[in-house]
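Notes follow once the structure below has been shown.
In the working numbering, the protein residues as written are 57 to 915.
The following block contains the structure:
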């Protein structure tokens, strides 16, 4: 039997569900401080006990035994022993203040809220005596346990905090950190709280997809040993850059950040530490970035530190940013010879970052589009940045990406080592997104398109353009994206002659380049010339079928299927063989790259569509499955099950109970589909019969509500009623049965009541059969996990991962063709009603009206 590996998704779901259940009516941004703060304290406590275990080499002790051992050693040796703990960790927690001690008090019924306050205060005191107190100082200053939002009285607050403490009690934070699951979960919670917090989220969170664009831009530009975020928020940008560096670069990376908001500053430090960033590798400051320049180079006083990479998502168009009365004597602004206006702080942040950018470094900053075209002092600054050759690229993103603003934003990329005369790359990615509820989201394919275009400096019609200095000068240094990248014309202009006399204009066929290149003869065979230069499409449905079956499409389809089979065979064996040594990020990147190349030779297909199919496969299945497989043998992992817990009842009777088991890797319904198809088909047949009978019963119920109908007189009294005597959408079965027994066969109501009775009985029997057969099938499936052969596991897992991939990617081949066929059908419809036909219809209607008027007789 395999080892039960807790996955990143399972941790995330558990913690977020717990947060929603426990926080009650408390504001999300408030509750975040408590939840993430206590989660971090659990991490510090686990690290302390883990250090005790390592120091004493007590690998076989349980956590409870280890706590007792630590208590004895601490009592006996005090400061001498504490130094053994403090030196490698940079801090220590005495045994009486450990998170585990809180849990012990809770379990033994003697927990008091004061112990949490005392523990946090003690941590602050012990940290103050360290050589580098800034690493952990005031980390828990936002955790006010007297806050009435936690509860109006001490007992309620104590109860709520106990529930929150229990949420993390069984999580081994040290083990989870080693596998990156802890950091991922923490980042996930920050993101979820951000979405719940709405506008407040802008203070601490950059959406994941925007972080990815910034991070991949700087990571693709050269080696990075140091990184700085002057508006660091939760630290997510710094950590996203880290993910795109090599393992060796990650170990050596130095992190710098500055944050004005104290609670957010604490969040940053916790987030970095939970992601395994050692204290000596991070320097984070709680201060106003614009008010006073920081950081200075420790080896060269009064000189600014410079960094290999700078990423930033500052507050947009910050008003009154210059509260300190800064002037051009500040070196951050003097090098461009102009001060940003006090009313808008966008260029103040940009210039601060640029001042700290190393000569070989790359900076990426998110700002509103106004920085591209506003005049005055901002226009002067923009001109000088362009003349000094600092702006490398401008990337326009979609609107409504952020929870705190719907405005569209752009990413400005800056470098100090650009070649003389090198053009500025302008990318318009504003139309590449998917809408999820009220937010616009950049998909994996959209981010990949941006990064490949930036990295390779590709010009693509209606997407990207390399703007020369001369071209920019002709535009008066205005970098507004539409001046350089014209959006694709999606609307086909109306043709007056076509509307007047009918027929699709010949030039409109030029807007259908795909079908006119791969199936021109087929299209021509379906065209009839209405008059010179104007055509009508005959039998459009037949045309679509013929085009999709054309030799070119068939050849490409077969070639594509062969490529997909090669792709699947290659990665099937690799995925089955993943282990704890496998770099899943590299594996994912390789799969995505290979997926994009599937369409490399098909000119009319967007190759990024296949990229997205495989990206979705990773999001929905592979990421979680491979975490489980990496900790087990593939075949051992495949037969693993876990209890299926369901919530039953409500209110006081609400409870969670086990309802059978579910496969950790193989879904139960997949086993049903492939190994119990007869039983499944029988159940499906029963369900279809039940649906039909219930539809028939619903018709009777509706008819029974219609006054003066036969059903009303026969059945209305047999409907259930609520306390106000209003009829419900159901019959009272007992009353139907009783009434049927009383009625004579020749009674007018007999047949309708009998029909109702029979329907109710058949539904009742069918429901019982479904319930019994469902239970029997479930039990067969549960038992089947233990007897699955390797061949069956291969069949089931192959179908889970790749069962639909040929179809999904095959649709990509046809989609652009179908789109053009739809356009052709629309054009055919557009010009089918001519002026002559409309006049004829009007004349006919007028004649009909005259005839009707003649028939009118006034009395």
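Beta carbons: idealized from backbone N, C-alpha and C, even for Gly.
Rounded to the nearest whole angstrom, the CA to CA distance from residue 586 to residue 592 is 6 Å.
It is roughly 8 Å from the alpha-carbon of residue 880 to the alpha-carbon of residue 568. Boundaries of the alpha helix (DSSP H) around residue 864: 861-886.
Within the stretch 626-708, the runs of beta strand (DSSP E) at least 3 residues long that lie entirely inside it are, in chain order, 697-704. Considering only 520, 235 and 141, the residue with the shortest C-alpha distance to residue 635 is 235. Secondary structure of residue 366 (DSSP, three-state): strand. In this chain, the beta strand (DSSP E) harbouring residue 719 covers 711-719. At a Cβ-Cβ threshold of 8 Å, residue 535 and residue 429 count as neighbours.
The C-alpha of residue 100 is placed about 26 Å away from the C-alpha of residue 210. Counting of Cβ neighbours within 10 angstroms places residue 434 among the buried residues, the total reaching 16 or more. Residue pairing by DSSP places residue 342 opposite 315 in a beta bridge. Counting the other CB atoms within 10 Å of its CB gives residue 359 a total below 16, which places it among the exposed residues. Counting only the Cα atoms, residue 600 lies some 37 Å from residue 644. Under the three-state reduction of DSSP, residue 607 is assigned to helix.
When secondary structure is reduced to three states using DSSP, residue 416 falls in the strand class. Beta-bridge annotation (DSSP): residue 466 is paired with 423 and 452.
Ranked by how close their Cα comes to the Cα of residue 400, the residues 427, 413 and 408 have 427 in first place.
For the pair residue 423 and residue 92, the Cα-to-Cα distance works out to about 29 Å.
In this structure, the alpha-carbon of residue 513 lies about 12 Å from that of residue 276.
Check the Cα spacing between residue 814 and each of 854, 753 and 769: the tightest is with 753. Excluding residues up to 5 positions away in sequence, 776 lie with their Cβ nearer than 6 Å to the Cβ of residue 786 in the same chain.
Two segments are said to touch when three or more pairs of C-beta atoms, one from each, lie closer than 8 Å; by this definition the stretch 601-610 touches the stretch 870-884. When DSSP states are grouped into helix, strand and coil, residue 273 belongs to the helix group. When 819, 809, 728 and 229 are compared, the shortest CA-CA separation from residue 743 is found for 819. Straight-line measurement puts the Cα of residue 173 at about 10 Å from the Cα of residue 179. Under the three-state reduction of DSSP output, residue 173 falls in the helix class.
Judged by DSSP secondary structure, residue 837 falls within the alpha helix (DSSP H) whose first and last residues are 806-840.
Secondary structure at residue 199: coil, using DSSP grouped into helix, strand and coil. Going by DSSP, residue 475 is part of no alpha helix (DSSP H) at all; its letter is neither H nor E. Taken in chain order, the complete alpha helix (DSSP H) segments of 4 residues or longer contained in the stretch 92-141 are 119-133. The residues 418 and 448, in chain order, have a CB closer than 6 Å to that of residue 471 in the same chain once the five nearest residues on each side in sequence are set aside. For the pair residue 745 and residue 732, the Cα-to-Cα distance works out to about 20 Å.
In the three-state reduction of the DSSP assignment, residue 537 falls in the helix class. Between residue 768 and residue 558, the CB-CB gap reaches or exceeds 8 Å.
Residue 802 carries a coil assignment under DSSP once its states are collapsed to helix, strand and coil.
Just so you know, the alpha carbons of residue 727 and residue 852 end up roughly 7 Å apart.
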